[in-house]
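So the number in my numbering is just where the residue sits in the sequence shown, counting from 1, plus 3.
Each residue gets a CB set at the ideal place from its N, CA and C atoms; glycine is no exception.
Below is one structure, written out as structure tokens, with a few remarks after it.
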Amino acid sequence: MSEAELLADEARYCSFGDTVHYVEPPKVFERCQGSFLFDGRGVPYLDLQMWYSAVNFGYANPRLNAAMKHQLDTLPQIASQYLHASKIELSKAIAEDALRKWDQKGRVHFNVGGSQSIEDSLKLVRNASAGKSLMFAFEGGYHGRTLAASAITSSYRYRRRFGHFGERANFVPFPYHFRGGRGIDKEAYGELCVKQFARLFETEYNGVWDAKAQQCEYAAFYVEAVQGTGGYVIPPANYFAGLKRVLDRHGILLVVDEIQMGFYRTGKLWAIEHFGVTPDILVFGKALTNGLNPLAGLWAKEALIGPAVFPPGSTHSTFASNPLGTAVGLETMKMLAETDYASMVREKGAHFLQGLRDLQRRHPEIGDVDGLGLALRAEICEADGFTPNKRLVDRMVDIGLAGDLGHGSDKLGLVLDIGGYYKNVITLAPSLHITAEEIELGLILLDQVLSRAKRDLG
Ligand SMILES: Cc1ncc(COP(=O)(O)O)c(C=O)c1O
């Protein structure tokens, strides 16, 4: 079938509700390898977002693909009431890592996607707090699109058509230094943001705290340590420790959503490890299987998830802990244990960030660049370096996807993802296996798409 025929059939037969066509016509790819996607003409596109961080270890990663193929030939499917080794070994690998890092016993629980695992975490929280159903979450936070997950996701846009099936979170400002703390030192801004949150508990008249009963109306705070969809916003280093002190003082659980930033995206297994706090519940997904299988899950402290409090059947999905997913997930954990990803990601991240800073010096429209490991951001603005410029960044995406950029004699494309509160941030999540040459190529292509976009828009 030709691409034109495929697109016509898509327009006729596919729901548009489960996707967003960011470019018209939508792009069709045929093949992937390493850091590249290939279109029907065989043109390679350097992918600097890797399926929103689901493919941290490169497309068609030989080791992880082999684990999938091996499982396909041995035990590809089995009902969840029966056990298989990789489910148990993967749970153990994650739980032992948490025990080592945080001195906390806990258990691991699987489901079929990030949103579903967020829902499972909501059950744990409600169960532990005698059914309290109110949560804190961040402005700019994203936790998924099922009904309960979108109730704690900041955008009203995701809820508008569907009414309220779960109580909407109380959305607290994220410590977004570039937009919220200009002129203030970043650490001082972190302290200020903690103080602003702590103010809620000063008197019962601030709406959330009963000092006599020593009870908060809100059961948990849902956080991304580095905001993903919100635009790869990196908080001040001192912020989460301060926040956790306030939460502990008021009996509020900390749920850390690592679905996008987990599995070494930021240079540590979990992004929250950069900030020196211990989560009560940690939710993961995406790169666990390098995007090969929709497996996600959570780790929770024993007191929240032990069988006495969270008995069999508390959640269930036919495909939860399916053996293809857990086999690849286990191989991912083994690979992470055998290779020094921390140094590798730190070094590659520093190289990329340096290049972005050079680019920023040449283009005043890049208002902010920042990065933690290989979670990098470039905020595209007007020439004043501050006013968000969505039109310019949209044009950059279109130019990248047209697949006619040049470097040497070959045609090339560039895959970029856009996030941020004003949809003006290039959120860069390259393969963690990206080579130094590919980083240089990425910087050249970014320069090309930005220069062309500026020219196009005059
Ligand atoms: C931080 C975060 N939480 C939750 C989700 C939802 O996960 P899923 O799309 O697998 O349901 C995502 C997906 O992008 C995410 O980035």
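Quick check: residue i and residue j, are their CB atoms within less than 8 Å of each other?
i	j	result
R148	Y159	no
L327	Q36	no
G233	G144	yes
R455	A378	no
A340	K271	no
T329	L298	yes
V259	P282	yes
A240	E190	yes
H253	F204	yes
F181	E142	no
S120	L333	no
N114	D123	yes
L291	F266	yes
A223	V128	yes
D21	G406	no
Y235	V428	yes
V331	L67	yes
I402	N392	no
F453	H366	Here residue 453 is Leu; the residue named in the question, Phe, does not match the sequence. In contact: L453 and H366 (Cβ atoms closer than 8 Å).
L362	L419	no
E440	L49	no
L256	V280	no
K414	V46	yes
If distances are taken between C-alpha atoms only, which option among the options comes closest to residue i?
i	options	result
A82	S324, P238, T269 and F168	S324
F39	L453, G461, G445 and L449	G445
I421	E13, P47, A14 and Y55	Y55
S136	H146, A151 and Q217	A151
E33	Y62, A14, R110 and T22	Y62
F174	D397, S157, G116 and V46	S157
L51	L435, G254, E122 and R103	L435
E261	A223, W302, C17 and N296	W302
R360	R66, G374 and A405	G374
G416	V115, Q218, E220 and L404	L404
D100	E27, V211, F139 and L285	L285
S132	L67, E220, I442 and P238	E220
N59	I437, L86, E305 and G117	I437
P65	E207, T335 and I442	T335
P314	K126, L67 and T77	K126
Q451	R398, E8 and D251	R398
S426	E441, V396, G411 and V418	In the sequence on display, residue 426 carries Lys and not Ser. Out of E441, V396, G411 and V418, V396 has the C-alpha closest to the C-alpha of K426.
G169	G193, G117, I187 and G134	G134
E467	L460, R171 and V46	Because the chain is modelled from 4 through 461, residue 467 falls outside the range shown and cannot be assessed.
Between which two residues does the alpha helix (DSSP H) containing residue i stretch?
i	result
G183	H180 to G183
F200	K189 to A201
A456	A439 to L460
What is the residue span of the beta strand (DSSP E) that residue i lies within?
i	result
V428	V428 to L431
A223	Y221 to V226
Length-filtered (4 minimum) alpha helix (DSSP H) runs lying within the region 243-327: 305-308
Unbroken stretches of the alpha helix (DSSP H), 4 residues or longer, contained in the region 335-412: 344-365 and 393-405
Touching by the beta-carbon criterion (3+ pairs, under 8 Å), the region 186-203 and the region 243-258: yes
Validate contact between the region 264-282 and the region 221-236 using beta carbons, cut 8 Å, 3 pairs: yes
Ordered list of alpha helix (DSSP H) runs contained in the region 88-174, each at least 4 residues: 88-105, 117-131 and 150-154
Any 3 or more C-beta pairs closer than 8 Å across the region 377-394 and the region 347-362: yes
Completely contained alpha helix (DSSP H) runs for the region 8-83, where each covers 4 or more residues: 53-56 and 65-77
Inter-stretch contact (C-beta, 8 Å, three-pair minimum) for the region 299-318 and the region 99-112: yes
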